[in-house]
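Numbering (the working numbering), first residue to last: 26 to 141.
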């Protein structure tokens with residue numbers, strides 16, 4: 026049996042941009058992507074702490090160290106610059122493997138930068 030489990034989470038980052046007239050996706054600082062074990066084009070769930078919205082999109086790599094979290098395309102209507110969001114990805118794996126799997130979870134600072 027396979028189940029879906031939490032793979033990666035970027036907990037409580039701030040939206041820095043919202044670009045309505047863009048093809049779609051979320052642009053994430055490459056350093057945050059790397060730390061959370063996310064790759065470009067990976068499907069993610071976005072949970073907006075400010076308004077309760079939940080949506081799915083895919084990741085685009087942003088400039089490393091920029092702190093960029095930009096919601097693109099129609100999903101830009103679901104956020105405001107300054108909103109706090111949680112970015113989540115899941116993986117499908119064997120039930121027994123899932124019991125021992127450890128997700129990558131990061132907690133950036135208030136400027137969307139890694140805490141060292």
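Even for Gly, the Cβ is constructed at its ideal location relative to N, Cα and C.
Between residue 112 and residue 34, the C-beta gap is smaller than 8 Å, which places the two residues in contact. Per DSSP, the unbroken alpha helix (DSSP H) holding residue 58 starts and ends at 55–61. Rounded to the nearest whole angstrom, the CA to CA distance from residue 129 to residue 32 is 6 Å. Residue 95 is a Cβ neighbour of residue 42, given a cutoff of 8 Å. Secondary structure of residue 87 (DSSP, three-state): strand.
Ranking 65, 123 and 36 by CA distance to the CA of residue 133 puts 36 first.
The Cβ neighbour count for residue 140, taken over all protein chains shown within 10 Å, is under 16; the residue is labelled exposed.
Every unbroken stretch of the beta strand (DSSP E) spanning 3 or more residues and falling wholly within the segment 72–134 is given here in chain order: 79–87, 94–97, 109–119 and 129–131. A distance below 7 Å between beta-carbons, with the five flanking residues on each side excluded, links residue 52 to the following residues of its chain, in chain order: 85, 87, 93, 95 and 97.
Taking residue 74 as the centre and dropping the five residues before and after it, the same chain places the C-beta of 109 closer than 6 Å to its C-beta, in chain order. Less than 8 Å separates the beta-carbon of residue 54 from that of residue 89.
Between the alpha carbons of residue 138 and residue 107 lies a distance of about 15 Å.
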